[in-house]
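Undergrad: Please see the structure below; I have some questions.
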Amino acid sequence: MVGLTNTFDCNYIPGNQERLLVIQEQQLNDHLFEQLLGMGFRRNGNSIYKPHCPACQQCQSIRVPIAEFSPSKRQKRTLKQNVDIQWQLSHQHAEGHFELYERYINARHSDGPMFPPSREQFNEFLICDWLEPTFIELFHQDKLIGVAVTDLMPNSLSAIYSYFDPDYSKRSLGSLMILLQCELAKVLGKRYLYLGYQIDENAKMNYKRLYRPYQILTAQGWQQQQ
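Under our numbering, the letters of the sequence shown match residues 808 to 1033, in that order.
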């Protein structure tokens, strides 16, 4: 089932109006989702959506071609700075996931649509009935300090959402988790890492061009930029 939401206040650009094209389909799976990712859709819980705004084209789908990706000097410093951090993969919520998410939202996004955080909202946002999410868990001295919720498809990975311990803000853990997703994609032989939407006018959403080279979805298809 495909539907179009009513317009509502944009969560990313103050003063703008937002509208979404939403797909709710019983037969969704990783293969179909990967095709929809290539068309600019994203996942939120069980639903697939794509911005369909009346007077704005600021949300640009962006992905990293893994075989060509090379960390910048700054990103290499981030990796070096965090050599004492261990990471592992999990396919289910572990103890402390929500508590970490709650701390992160309260500290970093108290002005956003996910505040105040709740377990119901957490589950509806991240968990999916037709695709098992993968959780990249970061640990420092056996303490859980970060989680990158990631979807694995046949030929790509999709970064759904990452959150981390606010006490480790100087560690650039948001950047580290994207770099780890790139590393995981390379190890698994995936072609792309989908990063969601690049929004140049939003300071919290305009960092994704730092992972180069990258591709932006345009009316002419995916266009690579260095």
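The beta-carbon is built from N, C-alpha and C at its ideal position, and this holds for glycine as well.
It should be emphasised that the depicted structure is a prediction, and the values quoted were computed from it without experimental measurement.
Quick one: what's got a C-beta closer than 6 Å to F876's C-beta in the same chain, skipping five residues either side?
TA: Once the five neighbours on either side are set aside, the close Cβ partners of F876 are C989.
Undergrad: Which complete alpha helix (DSSP H) runs does the segment 812-854 hold, if anything under 4 residues is left out?
TA: Runs found: 837-844.
Undergrad: Quick check: what's the CA-CA separation for I830 versus G810?
TA: Cα to Cα, I830 sits roughly 6 Å from G810.
Undergrad: Let me check understanding here. Comparing Cα to Cα, which of A1026, L1002, L987 lies closest to P878?
TA: Checked all of A1026, L1002, L987; the closest Cα to P878 is L987.
Undergrad: Give the single residue among L844, L827, G953 whose Cα lies nearest to the Cα of I1023.
TA: Of the candidates L844, L827, G953, the one whose C-alpha sits nearest the C-alpha of I1023 is L844.
Undergrad: Should Y1001 and S965 be called a contact, given that it needs their Cβ atoms to be closer than 7 Å?
TA: Contact: yes.
Undergrad: Where does H947 fall in DSSP's three states?
TA: The answer is strand: DSSP assigns H947 an E or B state.
Undergrad: Which complete alpha helix (DSSP H) runs does the segment 954-1022 hold, if anything under 4 residues is left out?
TA: Qualifying alpha helix (DSSP H) stretches, in chain order: 980-994.
Undergrad: Buried or exposed: where does P940 fall if 16 or more other Cβ atoms within 10 Å of its Cβ makes it buried?
TA: P940 is buried by the Cβ-count criterion.
Undergrad: With the cut-off set at 7 Å, would you say N962 and K993 are in Cβ contact?
TA: Not in contact: N962 and K993 (Cβ atoms no closer than 7 Å).
Undergrad: Here's the rule I'm using: 16 or more other beta-carbon atoms within 10 Å means buried, otherwise exposed. How should P858 be labelled?
TA: P858 should be labelled buried.
Undergrad: Alpha carbon to alpha carbon, how far is Q1027 from N913?
TA: About 40 Å.
Undergrad: Name the residue from C860, R826, M846, S854 whose alpha carbon lies nearest to the alpha carbon of Q1030.
TA: Looking at the Cα atoms, M846 is the closest of the given residues.
Undergrad: How about E944 and S979: are their beta carbons less than 7 Å apart?
TA: No, they are not a contact pair.
Undergrad: Of the residues Y975, L827, D936, T957, which one's Cα is nearest the Cα of N813?
TA: Answer by Cα proximity: L827.
Undergrad: Would you kindly work out how many angstroms separate the C-alpha atoms of F929 and F905, rounded to a whole number?
TA: Each residue's Cα considered, the two are about 7 Å apart.
Undergrad: Between the Cα of Y1018 and the Cα atoms of A1010, L983, E1008, T1025, which residue gives the shortest distance?
TA: Considering only alpha carbons, the answer is L983.
Undergrad: Determine whether the beta carbon atoms of I869 and Y999 lie at a separation below 7 Å.
TA: Result no, Cβ atoms of I869 and Y999 do not sit closer than 7 Å.
Undergrad: Using a threshold of 7 Å, state whether the C-beta atoms of F932 and G852 are closer than that.
TA: Against a cut-off of 7 Å, the Cβ pair of G852 and F932 comes out as a contact.
Undergrad: Would you tell me roughly how many angstroms separate the C-alpha atoms of D958 and D936, rounded to the nearest one?
TA: Taking the straight line joining both Cα atoms gives about 13 Å.
Undergrad: Under three-state DSSP, which class holds L933?
TA: Correct three-state label for L933: helix.
Undergrad: Let me check understanding here. Comparing Cα to Cα, which of Q899, L938, G981 lies closest to H838?
TA: For the residues Q899, L938, G981, the minimum Cα distance to H838 belongs to L938.
Undergrad: Tell me the DSSP bridge mates of T885?
TA: DSSP, once it has assigned bridges, lists no residue as partnering T885.
Undergrad: Pick from T885, D891, I820: whose alpha carbon is nearest that of K1034?
TA: The question about residue 1034 has no answer, for the chain in this structure spans 808 to 1033.
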